[in-house]
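Reading the sequence shown from the start, the letters are residues 19 to 116 in our numbering.
From the three backbone atoms N, C-alpha and C, an ideal C-beta is built for every residue, glycine too.
The block underneath contains the structure these notes are about, expressed in structure tokens.
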Amino acid sequence: MFLKDGVFQRELSNTEWDYLFDFFNLIYWGVVDRLKSDFSLTKHNIALFCFLKCGFTNEEIGRIFSTNSDSVTKAKGRLKKQLNVSFEEDFDEFIRDY
Numbered sequence: 019m020f021l022k023d024g025v026f027q028r029e030l031s032n033t034e035w036d037y038l039f040d041f042f043n044l045i046y047w048g049v050v051d052r053l054k055s056d057f058s059l060t061k062h063n064i065a066l067f068c069f070l071k072c073g074f075t076n077e078e079i080g081r082i083f084s085t086n087s088d089s090v091t092k093a094k095g096r097l098k099k100q101l102n103v104s105f106e107e108d109f110d111e112f113i114r115d116y
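This is how it looks when you write it as structure tokens:
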């Protein structure tokens with residue numbers, strides 16, 4: 019656990035990530051299970067997708083992952099490529115509709 023910007027932060031345990039993914043599955047009709055079935059993604063990329071689906075901003079996601087919004091922007095670009103979303107497609111729309 020560490021202090022950043024006046025807030026205590028720590029990484030989630032595997033059990034806590036499992037609970038979070040179960041929650042995402044419940045509210046978004048099995049989104050985590052579908053992502054695992056359709057793509058070969060890391061746990062980090064699945065979490066990124068889910069936070070984006072929830073409407074979190076790059077800054078908010080950066081705080082969750084203890085990084086900055088520029089790193090989140092780059093991660094989103096890599097995720098878009100891994101999900102085979104074409105350059106012309108709107109990534110936010112893809113996430114909403116998935």
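Within 7 Å, strictly: CB atoms of residue i and residue j
| i | j | result |
| --- | --- | --- |
| T91 | N76 | yes |
| A113 | K71 | For the sequence presented, residue 113 should be read as Ile rather than Ala. Taking 7 Å as the Cβ cut-off, I113 and K71 qualify as a contacting pair. |
| F57 | V50 | no |
| N86 | G95 | no |
| L66 | A93 | yes |
Host alpha helix (DSSP H) of residue i (start-end)
| i | result |
| --- | --- |
| Y37 | N32 to I45 |
| V50 | V49 to D56 |
| S89 | S87 to Q100 |
Which of helix, strand or coil DSSP assigns to residue i
| i | result |
| --- | --- |
| G73 | coil |
| E111 | helix |
| L21 | Residue confidence for L21 is low, a pLDDT of 49 falling below 50, so the modelled location carries little weight and cannot support an answer. |
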